[in-house]
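So the sequences go chain by chain: P and C.
Quick note on the working numbering: the first sequence kicks off at -2 and runs consecutively.
Quick note on the working numbering: the second sequence kicks off at 2 and runs consecutively.
Where a beta carbon is used, it is the ideal one built from N, C-alpha and C, also for glycine.
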Amino acid sequence: METSGAQAAQTRRPISASEGRRLLAIEGISVRFGGIIALDDVSFDVAEGEILGLIGPNGAGKTTLFNVLSRLYQPNSGEINFDGHRLLSIPKHRCAVSGIGRTFQNLALFRTMPVLHNVMLGGHCHTSAGFFNHALRLPKVGREERELTERAMELIAYLDLEDVAMTPVGALPFGTQKRVEMARALAASPKLLLLDEPAAGLNHEEIGALRALILDIRQRMQVTILLVEHHMHLVMSVSDKVVALDFGRRIAEGTPAEVQRHPEVIRAYLGDSN
Amino acid sequence: MVNETSTLAGAKIAAPGPRAQISPRVWKILGILVILAIACILPLGLSNYRLFQLTLALVYAIAILGLNILTGYNGQISLGHGAFYAIGAYVAAILMNTYNVPYWATIPIAGFVCLVVGFLFGLPALRLEGHYLALATFALAVATPQLLKYKAIANWTGGVEGINLLKPDAPAWMHVDSDQYLYYFTLAITVVMFVIGWNLLRGRVGRALVAIRDHPVAAEAMGVNTAYHKAMAFGVSALYTGVAGAIGAIVVAYVAPDSFDFLLSIFLLVGLVVGGLASISGAIYGALFIQFAPNFAADLSKAAPWAIFGIFMIGAVYVMPGGVASFVQIVWDRIRRMLAPARGT
Ligand SMILES: Nc1ncnc2c1ncn2[C@@H]1O[C@H](COP(=O)(O)OP(=O)(O)O)[C@@H](O)[C@H]1O
Ligand SMILES: [Mg+2]
Chain P
-2 METSGAQAAQ
8 TRRPISASEG
18 RRLLAIEGIS
28 VRFGGIIALD
38 DVSFDVAEGE
48 ILGLIGPNGA
58 GKTTLFNVLS
68 RLYQPNSGEI
78 NFDGHRLLSI
88 PKHRCAVSGI
98 GRTFQNLALF
108 RTMPVLHNVM
118 LGGHCHTSAG
128 FFNHALRLPK
138 VGREERELTE
148 RAMELIAYLD
158 LEDVAMTPVG
168 ALPFGTQKRV
178 EMARALAASP
188 KLLLLDEPAA
198 GLNHEEIGAL
208 RALILDIRQR
218 MQVTILLVEH
228 HMHLVMSVSD
238 KVVALDFGRR
248 IAEGTPAEVQ
258 RHPEVIRAYL
268 GDSN
Chain C
2 MVNETSTLAG
12 AKIAAPGPRA
22 QISPRVWKIL
32 GILVILAIAC
42 ILPLGLSNYR
52 LFQLTLALVY
62 AIAILGLNIL
72 TGYNGQISLG
82 HGAFYAIGAY
92 VAAILMNTYN
102 VPYWATIPIA
112 GFVCLVVGFL
122 FGLPALRLEG
132 HYLALATFAL
142 AVATPQLLKY
152 KAIANWTGGV
162 EGINLLKPDA
172 PAWMHVDSDQ
182 YLYYFTLAIT
192 VVMFVIGWNL
202 LRGRVGRALV
212 AIRDHPVAAE
222 AMGVNTAYHK
232 AMAFGVSALY
242 TGVAGAIGAI
252 VVAYVAPDSF
262 DFLLSIFLLV
272 GLVVGGLASI
282 SGAIYGALFI
292 QFAPNFAADL
302 SKAAPWAIFG
312 IFMIGAVYVM
322 PGGVASFVQI
332 VWDRIRRMLA
342 PARGT
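Laid out in structure tokens, this is it:
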């Protein structure tokens, strides 16, 4: 939205008329850990408003890609264009401001903090009062706290967490903690939401609810979603497009039906029988 | 999971959530006022020596609150806060002794110096985790007394002998003696420092500090500038402990290198743990413990006071594993539930 002419001119490929505006362009990202090549020259685009499923066997590099996108890992090479900005040149702690929210494969909540504070922390980057303002409790602090609390309580209501709003997260059941993570990720009003195996550990019924939630979030909050998931039925039924990774390489890209039929994908999942 | 009828914009904020917490908060404020009132009339009933001890307990409470910001809330362990206490004390003493700065004006200066020193120490400490940070801070604690004895700066520090100071007189309008005055003076600063601490810890900054302690990677992914917050936690923590050191110097009217040996650092940590990690009121309980438990132990046994003190420490953490503060909270919650059985939680 704030794309200036100069920055827009930097984007390399023209956006075709058939797809929506390109929100994220991953261009030749490689990540190495010592001898392991976790990501090998991976490129793909994500259009605004799209749900893109990212699949691949364990160790394929899906989480690593998320960590690059949330600026926890610095890639060895490649470029990422997000919403008209070069993501890799934004300082780490500004990343969430730029509009990328995420959940983690293994829960990464602040366990001693109540649900409300966890969700408020999701909006940390949209507030700015620091040590000095807080020490003297200047008016800015009260204003920001009010706004943050209000937004957090909306999300807590949306995710049905009202009864546990003041309960420390560590004391909650797994499924509930996953909803807290979702609320926290949404608190920054992200343009792009990264969901790392949100269905893992959920029962059949909860997965049904998760499916409805993902679709509802996209519609209600106009977010674009990158979904890493092993639950094939879920990915294939919510995704507009699917990208498959194996050993850090992109092996297939297309509609769910195309990717499911793709010989490389079948081989990666079934193992090479030859 | 998805409640179709609740729109995001029109969420019910007044629902069970945090509003229900208001009543305990009122209780808390009432409790604080009662304790403050008692603190104000205490000098009338205490000997000057006991009052002096109580004044020092207030000083320790400020220091422990500082340590708590770093260790309790932010999860960075320090075995060296005695060093910041010493720096605060010496800054105050040198300013008063060499530069004739009024005693009250030395306190903010000492705090500021410690803020800067703490912040700078916190920067390299960012690379150290857990045990390694403990070692680095401990090194600071053992090195400080020796540095204070260093000959080249003896003109200011007074070398091994230290610096004798004059006890400030009470203003005439107060009609109290010097010890009573110092008690009220310290009490006033303690209240200010605790209010500031409460402000810092209950909002965005406090949440960021705890988030870094609970899950640094997630905090970073949420856009918390973890390096800045950790270094600032060090700085603010040192500021508190430095302010305590400055008041301590004024109250004791004497500074010497050996009063700030590493045992002081350990005592502050003992006070922190006994009082309660990540608890503001815990700093007060902890300070009373490290100030009075050793005396009490010495009263019980002239031969083995440290053994008795050790038993106190073990007993305290055994009976109150979350510290005195959480113990008090549990007891208080139970009393409240008994007083109001009709109303559900
Ligand atoms: N921080 C790290 N240090 C070393 N190796 C890592 C690190 N993170 C991921 N890897 C390696 O990178 C590869 C991809 O891992 P990951 O992205 O977690 O896969 P996925 O999420 O697709 O299961 C694996 O071989 C993993 O061991
Ligand atoms: Mg993974």
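- In chain order, L69 and A105 make up the part of chain P whose C-beta sits under 7 Å from the C-beta of V218 (chain C).
- Just so you know, the alpha carbons of I263 (chain P) and M233 (chain P) end up roughly 15 Å apart.
- In this structure, DSSP gives V28 (chain P) an extended state, which the three-state scheme calls strand.
- In the structure shown, H131 (chain P) falls within a helical segment according to DSSP collapsed to helix, strand and coil.
- By the CB criterion at 8 Å, N69 (chain C) and L273 (chain C) fall inside the cutoff.
- Excluding five sequence positions before and after A149 (chain P), the CB atoms of its chain that fall closer than 8 Å to its own CB belong to L113, V116, M117, G119, G120, A180 and A184, given in chain order.
- At a cut-off of 8 Å between C-beta atoms, N69 (chain C) does not count as an interface residue with respect to chain P.
- Per DSSP, the continuous beta strand (DSSP E) segment holding E76 (chain P) begins and ends at S74 to F79.
- DSSP places T221 (chain P) in no alpha helix (DSSP H) but in the uninterrupted beta strand (DSSP E) bounded by T221 to V225.
- Using a cutoff of 7 Å, the CB of K175 (chain P) does not count as near ligand 2, since none of the ligand's heavy atoms is closer than that.
- Counting only runs that start and end inside the region 193 to 264 of chain P, the alpha helix (DSSP H) elements of at least 4 residues fall at 201 to 218, 229 to 235 and 253 to 258.
- Rounded to whole angstroms, the Cβ separation of T56 (chain C) and L183 (chain C) is 6 Å, and the two are in contact under 8 Å.
- Of the heavy atoms belonging to ligand 1, at least one sits nearer than 7 Å to the Cβ of T60 (chain P).
- The continuous beta strand (DSSP E) containing S40 (chain P) extends over residues I33 to A44.
- Rounded to the nearest angstrom, the gap between the Cα atoms of I87 (chain P) and Y155 (chain P) is 31 Å.
- Nearest Cα to G198 (chain C) within the set C:K150, C:A279 and C:A126: C:A279.
- Interface flag for R108 (chain P) against chain C is set, since a Cβ pair is found closer than 8 Å.
- Taking 9 Å as the cut-off between beta carbons, none of the residues of the region 54 to 84 of chain C comes near chain P.
- For the region 230 to 257 of chain C, the residues whose beta carbon sits under 7 Å from a beta carbon of chain P are, in order, M233 and V237.
- Contact between I154 (chain C) and V114 (chain C) does not hold, since the beta-carbon distance rounds to 15 Å and is not under 8 Å.
- If you check each beta-carbon in the region 137 to 149 of chain P against every beta-carbon of chain C, the ones closer than 8 Å belong to V138, E141, E142, L145, T146 and E147.
- Taking a Cβ-Cβ threshold of 8 Å, the residues of chain C close to T124 (chain P) are R205, in chain order.
- The three-state secondary structure of H216 (chain C), taken from DSSP, is coil.
- In this structure E221 (chain C) is buried. Its beta-carbon is surrounded by 16 or more other beta-carbon atoms within 10 angstroms.
- Annotation: I154 (chain C) is outside any beta strand (DSSP E) and is labelled neither H nor E by DSSP.
- Cα atoms of T221 (chain P) and P195 (chain P): separation of roughly 16 Å, rounded to the nearest angstrom.
- Below the 7 Å Cβ cutoff, chain P contributes A132 as neighbours of I197 (chain C), in chain order.
- Residues are counted here when their Cβ sits less than 8 Å from a Cβ of chain C; for the region 26 to 54 of chain P the count is zero.
- Between ligand 2 and the CB of Q102 (chain P), the shortest heavy atom gap is smaller than 7 Å.
- Listed in chain order, the non-local C-beta contacts of E261 (chain P) below 6 Å within the same chain comprise I248 and A249, local neighbours out to five positions each way being set aside.
- Excluding the 5 residues flanking it on each side, S327 (chain C) has same chain C-beta neighbours closer than 6 Å at G277, in chain order.
- In this structure, N55 (chain P) has its CB closer than 7 Å to one or more heavy atoms of ligand 1.
- For F171 (chain P), same chain residues with a beta-carbon under 6 Å away, outside a window of 5 residues either side, are G198 in chain order.
- Assigned with DSSP and collapsed to three states, L152 (chain P) falls in helix.
- For A189 (chain C), not one C-beta of chain P is nearer than 8 Å to its own C-beta.
- In the assembly as shown, E151 (chain P) is a buried residue. Its beta-carbon has 16 or more other beta-carbons within 10 Å.
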